[in-house]
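Sequential numbering from 1 applies to the sequence shown in full-length UniProt numbering.
Note that the Cβ used here is the ideal one computed from N, Cα and C, for glycine as well.
Just below is one structure, and these are the notes that go with it.
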Amino acid sequence: MSDPDMEMDCTAVLADVWLMLDGECDQATRDRLQEHMDHCSPCIEAYGIEEKIKGLLSRKCGGEHAPEGLRDRLKLEIHRSISVTRIERTEG
1 MSDPDMEMDC
11 TAVLADVWLM
21 LDGECDQATR
31 DRLQEHMDHC
41 SPCIEAYGIE
51 EKIKGLLSRK
61 CGGEHAPEGL
71 RDRLKLEIHR
81 SISVTRIERT
91 EG
């Protein structure tokens, strides 16, 4: 995607994917995310990967909830990873 508006939207979509996977977003947010992913193959691919990771974690961790501190650190690392990937793509 070369459109800067779409790049920013991709970053926002990928940052919110876990909310959608966890059922923690409202219907309007879910619709916005789905609408974007319907037209953006990189985001739908990333969504598929995140969905697989969530399924793997659920199977291996027995569905237990992670401590809040761990969840916060994981969210931060996911956001950093997405940001670094986006920067590398625009610079490379």
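Of the listed residues the options, nearest to residue i (C-alpha basis)
i: L76; options: D9, L14 and H36; result: L14
i: residue 96; options: C43, R71, S83 and H39; result: Nothing about residue 96 can be read from this structure; the chain reaches only from 1 to 92.
Cβ-based burial, residue i [other Cβ within 10 Å; buried from 16]
i: H65; result: exposed
i: S2; result: With a pLDDT of 44 at S2, under the threshold of 50, the modelled position of that residue is not reliable, and the figure given next carries that caveat. Exposed.
i: C10; result: buried
i: H36; result: buried
i: L33; result: buried
i: C61; result: exposed
With a floor of 4 residues, list each alpha helix (DSSP H) that falls wholly inside the segment 33 to 89, ordered by position along the chain. 41 to 61
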